[in-house]
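Sequential numbering of the sequence shown, starting at 2, is according to our numbering. Input: a single structure, listed below in structure tokens.
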Amino acid sequence: MNKPLLSCLNGCVQPTVPVWYMRQAGRYLPEYRRTRSTAGTFLDLCYNPELATKVSLQPIERYNLDGVILFSDILVVPHALGYDVDYIEGKGPILEKLEIGGSLPEYNKTRFLSRLSPVFKTLEELAIKAPNSATLIGFAGAPWTIATYMIEGGSSRDFSRAKGWTYADPDSFQSLIDYLVISTADYLIEQVSAGAEVLQLFDSWAGVLNENHLERWSIKPLENIVALVKKSCPDIPIIIFPKGVGIQYTSYLGIDGLSCLSLDSSVPLNWARDNLQKHVVVQGNLDPQLLASGGNSMIYEAERILDIFSGQPFIFNLGHGIVPQTPPHHVSELTQFIRSWKA
Ligand code: CP3
2 MNKPLLSCLN
12 GCVQPTVPVW
22 YMRQAGRYLP
32 EYRRTRSTAG
42 TFLDLCYNPE
52 LATKVSLQPI
62 ERYNLDGVIL
72 FSDILVVPHA
82 LGYDVDYIEG
92 KGPILEKLEI
102 GGSLPEYNKT
112 RFLSRLSPVF
122 KTLEELAIKA
132 PNSATLIGFA
142 GAPWTIATYM
152 IEGGSSRDFS
162 RAKGWTYADP
172 DSFQSLIDYL
182 VISTADYLIE
192 QVSAGAEVLQ
202 LFDSWAGVLN
212 ENHLERWSIK
222 PLENIVALVK
232 KSCPDIPIII
242 FPKGVGIQYT
252 SYLGIDGLSC
262 LSLDSSVPLN
272 WARDNLQKHV
282 VVQGNLDPQL
292 LASGGNSMIY
302 EAERILDIFS
312 GQPFIFNLGH
322 GIVPQTPPHH
332 VSELTQFIRS
342 WKA
């Protein structure tokens, strides 16, 4: 069975551009909100294979997308490592704050992976239930992004605690990053065993790092994860989303084994075609607010993206996740437009 998204990641231009959307399952869908209301807490939903499978497939049933992304969250990693994680309506995630420079608990791989076993079960279910033409996407957060949530105790505006730690005591910060590299690689390898056909790493807060720190705290740890994963799973395509890094997107091209860069909405299209798409597959990058807004401006920008990128392997996506106020029919309109578009 042909899987356009997988085939594109392996370097083949597709007759119709493959499409999926970050946060394609979520609060903008009424059927998600209904399932969510029966599940208990958000983490209960992430750890319920039956409901997580159902929610992962909801956007596929509506729009027949090329990618099915596992329904979970990047913060299950700190949770499974033993840190408290909670999600508060309207406030986002709240985590037990790490003590700056504090020591880390010993890493127990068996315990860590067994806490995540419901996630693997969801992937196994999805591998059975997803349409044959769809590609199953596993994911994790990048070490820097996960570390910011652990250190700040949640979302942050200025990352003062996390950055403060990197400046004041880089050696102990390195230990935290190494701990996340090992655990994240183990988690991803297990996702592949459970059926994931592609992996995406979200470095949502890479864009706040300066040049040297980007190299040390975003690129290097991602390179280490990719190397570990590729050692066990040499054929798995890996997508990296280093949001907000501007011209430093080119620095990620040096990661051996990288298949695809996911572009945020600020990346200029012609620049990305000439400097990134020559080397790797690219994915992106419609502004999620334009999807929320809809209409001719959305279609105009989608067409500009398709015109510029579709001559080389390209995956249509957004520059960041779908926002909760998005009308679902805008997603149908956009998807139909992409399906009917011809160069
Ligand atoms: O459809 C999908 O994309 C799969 C599921 C998915 C979720 N989160 C579900 C979710 C994925 C891939 C993520 C990734 C994620 N989670 C990231 C990286 C991408 C990005 O947005 O930058 C980050 C930083 C998180 C952390 C996180 N999770 C935040 C900051 C929040 C609260 C804010 C928000 O957008 O709701 C979450 C909660 C969350 N993760 C929800 C969903 C559907 C909403 C929770 C709910 O339903 O109550």
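Where is the CB? At the ideal position from N, CA and C, for every residue including glycine.
Per-residue DSSP class, three states only, for residue i
i, result
"GLY154", "coil"
"ASN318", "strand"
"GLY295", "coil"
"PRO329", "helix"
"TYR250", "helix"
"LEU76", "coil"
"TYR88", "strand"
"ILE339", "helix"
"VAL160", "Here residue 160 is Phe; the residue named in the question, Val, does not match the sequence. Coil, per DSSP."
"ILE147", "helix"
"ILE241", "strand"
"ASN213", "helix"
"ILE309", "helix"
"THR167", "helix"
"ILE300", "helix"
"GLY208", "helix"
"ALA81", "helix"
"GLY258", "coil"
"SER290", "Before going further, note that residue 290 is Gln rather than Ser in the sequence given. In the structure shown, GLN290 sits in a helix (DSSP, three-state: H, G or I)."
Assumed close pair residue i, residue j - CB separation to whole angstroms, cut-off 8 Å
i, j, result
"GLY93", "GLY155", "6 Å"
"TYR188", "ALA141", "6 Å"
"ARG162", "ILE147", "Actually they do not touch by this definition, with Cβ atoms about 14 Å apart."
"ILE239", "GLY208", "With 8 Å as the limit, ILE239 and GLY208 do not qualify as a contact, their Cβ atoms being about 20 Å apart."
"THR123", "LEU71", "6 Å"
"SER219", "ALA143", "6 Å"
"PHE174", "ILE75", "PHE174 to ILE75, Cβ: 19 Å. No contact."
"GLY320", "LEU287", "6 Å"
"THR36", "VAL56", "5 Å"
"SER184", "PHE121", "Actually they are not in contact, since the Cβ atoms of SER184 and PHE121 sit about 15 Å apart, beyond 8 Å."
"VAL69", "LEU127", "6 Å"
"SER263", "ASN318", "7 Å"
"PRO329", "ARG63", "7 Å"
Straight-line Cα distance separating residue j from residue i
i, j, result
"VAL227", "PRO235", "10 Å"
"MET299", "LEU292", "6 Å"
"CYS9", "PHE315", "7 Å"
"PHE338", "TYR301", "10 Å"
"HIS331", "SER311", "22 Å"
"GLY296", "ILE306", "16 Å"
"THR136", "TYR88", "29 Å"
"VAL14", "ASN109", "43 Å"
"SER233", "ALA186", "10 Å"
"ASP85", "CYS47", "15 Å"
"THR251", "THR111", "37 Å"
"GLU198", "LEU7", "8 Å"
"VAL324", "ASP172", "37 Å"
"LYS231", "HIS214", "25 Å"
"VAL281", "ASP45", "37 Å"
"GLY12", "SER194", "23 Å"
"ILE138", "ILE237", "11 Å"
"GLY102", "PRO222", "19 Å"
"ALA40", "PRO50", "11 Å"
"THR167", "ILE190", "28 Å"
"ARG340", "GLU304", "12 Å"
"LEU99", "ALA273", "37 Å"
"SER260", "ARG217", "21 Å"
"SER104", "LYS164", "18 Å"
"ILE241", "ASP308", "23 Å"
"GLY322", "PRO106", "33 Å"
"ASN3", "HIS80", "37 Å"
Residue range of the unbroken beta strand (DSSP E) whose run includes residue i
i, result
"THR136", "136-142"
"CYS261", "261-263"
"PRO94", "93-96"
"LEU287", "282-287"
"LEU200", "199-204"
Proximity test, residue i beta-carbon vs ligand 3 heavy atom, cut-off 8 Å
i, result
"CYS13", "As far as ligands go, the structure on display features ligand 1 and does not contain ligand 3."
Residue range of the unbroken alpha helix (DSSP H) whose run includes residue i
i, result
"VAL182", "171-195"
"ILE226", "221-233"
"ASN271", "270-276"
"PRO5", "5-10"
Item to complete: May I have a chain-ordered list of the beta strand (DSSP E) segments no shorter than 3 residues that lie completely inside the segment 19-73?
Response: 68-70
Fill in: Start-end ranges of the alpha helix (DSSP H) lying completely within the segment 99-138, minimum 4 residues
110-116, 118-130
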